[in-house]
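Q: Its first residue numbered -8, the sequence shown is counted upward by one per residue in the numbering used here.
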Amino acid sequence: MSYSADLLKDQKALVTGASSGIGEAVARHLAQAGAAVVVNYRSEQEDAEKIVQEIRARGGDAIAIGADVSKEEEVNAMFEQMLREFGTIDILVNNAGIQNDASFLDMTLQQWNSVINVNLTGQFLCAREAAKEFMRRGVQPNVSCAAGKIICMSSVHEVIPWAGHVNYAASKGGINLMMRSIAQELAPHKIRVNSIAPGAIKTDINTEAWSSPEEAAELRKLIPSDRIGVPDDVAKAAVWLASDDSDYVTGTTLFIDGGMALYPAFAHGG
Ligand code: BGC
-8 MSYSADLLKD QKALVTGASS GIGEAVARHL AQAGAAVVVN YRSEQEDAEK
42 IVQEIRARGG DAIAIGADVS KEEEVNAMFE QMLREFGTID ILVNNAGIQN
92 DASFLDMTLQ QWNSVINVNL TGQFLCAREA AKEFMRRGVQ PNVSCAAGKI
142 ICMSSVHEVI PWAGHVNYAA SKGGINLMMR SIAQELAPHK IRVNSIAPGA
192 IKTDINTEAW SSPEEAAELR KLIPSDRIGV PDDVAKAAVW LASDDSDYVT
242 GTTLFIDGGM ALYPAFAHGG
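(1) Exposed or buried, which one is P189 when buried takes at least 16 other CB atoms within 10 Å?
(2) Given a threshold of 16 other Cβ atoms within 10 Å of its Cβ, counted over all protein chains shown, does K123 qualify as buried or as exposed?
(3) How would you write the range of the beta strand (DSSP E) that C143 sits in, first residue to last?
(4) I need the DSSP call for K212, collapsed to helix, strand or coil.
(5) Looking at the structure shown, is N158 part of a helix, part of a strand, or coil, going by DSSP?
(6) Work out the CA separation of H156 and W103 for me, nearest whole Å.
(7) Does the beta carbon of I196 fall short of 6 Å from some heavy atom of ligand 3?
(8) Between I13 and V28, how many whole angstroms is the CB-CB distance? I'm expecting something under 8 Å.
(9) Compare the Cα-Cα distances from E65 to each of E120, L111 and A200 and report the closest residue.
(10) Helix, strand or coil for I192? Go by DSSP, reduced to three states.
(11) Which whole-angstrom value describes the C-beta separation of A58 and M69, a residue pair presumed to lie in contact below a C-beta threshold of 8 Å?
(12) Looking at S203 and ligand 1, is the gap between the Cβ and the nearest heavy atom below 6 Å?
(13) Is the CB-CB distance between T7 and C143 below 7 Å?
(14) Report the rounded CA-to-CA distance for L168 versus A137, giving the unit in angstroms.
(15) Quick check on the burial criterion: 16 or more other C-beta atoms within 10 angstroms. Buried or exposed for M170?
(16) Tell me which residues share the same chain as A4 and place their Cβ nearer than 6 Å to its Cβ, disregarding the 5 neighbours each side in the sequence.
(17) Is A191 close to ligand 1? I mean its beta-carbon at under 6 Å from any heavy atom of the ligand.
(18) Quick one: give me the first and last residue of the beta strand (DSSP E) that N85 is part of.
(19) Determine the burial state of T99: buried for a count of at least 16 other Cβ atoms within 10 Å of its Cβ, exposed for fewer.
(20) Looking only at its chain, what residues have a beta carbon closer than 7 Å to the beta carbon of S135, apart from the 5 residues adjacent to it on each side?
(21) Below 8 Å, can you find three or more Cβ-Cβ pairs linking the region 236 to 246 to the region 170 to 186?
(22) Which residues bound the alpha helix (DSSP H) around T241?
(23) Given this structure, state the Cα-to-Cα distance separating A200 from Q131, to the nearest angstrom.
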C-alpha cells in the first residue's frame, strides 16, 4: 500500500472488528493514510494490541478498545473512551460481522438473533454514536470537507440470496436500506454514508470455502475475475470512501467482488 500520509491527516477513525480479516486490513490502510485508528475487538485483545504496536512502529497512531458492538452500553463506553483519548471521530468503519450458519428449517432463534444483533444492530448503534459526534463538532475545513464519514461493511449477499445463511443475508440486505436511509437523513449535514460489499475475500470467516484446491476452484467459478479476493482489495476502497477524494459519493454501495454479483452462471446460457 502506498498513500500520502496527508490523505487522512489529523483524522480519527474507528474500525470495528479490526483484530483480524478485512477490519485489520482497513485499520492498517487508514493508519498508513495518516489517520489515528481505534482497533476495536470483541475477544481477541492480543491480536488487536499486536496490530496497534505494528501501526505505531511504522510511525502511526492507534489504540485498541474492546467492545461487543451488539451491546449498547459497550458501544457507548467505547465511544466515550475514543473521544477521551482522540478528542473526536471523523471516520467510522462499521466492519464487525459474524456468520452463524444453518439450513432454514434448523435455524434457531439464537442463531438468527446473534447475526442480526452483531451485523445489523451493531452497525446501527455505532453509526448513531458516530453521527452524534459529527453533528456536535461539524465540519473542520482544515481536516476534511465532510463533518464525518461512515462506511458500512456489507456483502455481495445484500443482493445475492444465500441458502443456508438466511440470517446473514437478511442482515446484509438490512444494511443496504439502513445505510441509504441514514445517508439521506444526514447528507444535509455534510455526513457521508456508504457501504462496501465484498465478495469472497480470504479471511477466517470463509476458510472452508477456499482452503483446499478443490474448494478454491469451485469458489472461483462464482467469480468472473477468477481470483479470490484479499483483505487489501477491500481496504483500498475503504480509504477512498473515507477520504475527500469521494466527497460527492454518499448512499452508494461499492462492490469489491471480482464480478461475483454479476450472475456469473448467465455468462453462457439464459
Ligand atoms: C461471506 C463469505 C462468503 C462471501 C461470498 C461474504 O459476505 O462472509 O463467507 O465467502 O460473502 O459468498
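Don't be surprised by glycine CBs; every beta carbon is placed ideally from N, CA and C.
Given the structure is predicted, the values throughout are model-derived calculations rather than measurements.
A: In short, the structure shows the following:
(1) buried
(2) exposed
(3) G139 to M144
(4) If DSSP states are grouped into helix, strand and coil, K212 belongs with coil.
(5) Correct three-state label for N158: helix.
(6) Going from the Cα of W103 to the Cα of H156 covers about 9 Å.
(7) Looking at this structure, you won't find ligand 3 anywhere; what it does contain is ligand 1.
(8) Incorrect: roughly 14 Å between the Cβ atoms, too far for contact.
(9) Distance from the Cα of E65 is smallest, within the candidate group E120, L111 and A200, for E120.
(10) strand
(11) So it is a contact: roughly 4 Å between Cβ atoms.
(12) no
(13) no
(14) Linking L168 to A137 through their CA atoms gives a straight-line distance of about 22 Å.
(15) buried
(16) L21, A26, V28 and I82
(17) At least one heavy atom of ligand 1 sits closer than 6 Å to the Cβ of A191.
(18) That run of the beta strand (DSSP E) goes I82 to N85.
(19) exposed
(20) Q2, D81 and D235
(21) yes
(22) Segment: none, T241 is in no alpha helix (DSSP H) and carries neither H nor E.
(23) 45 Å
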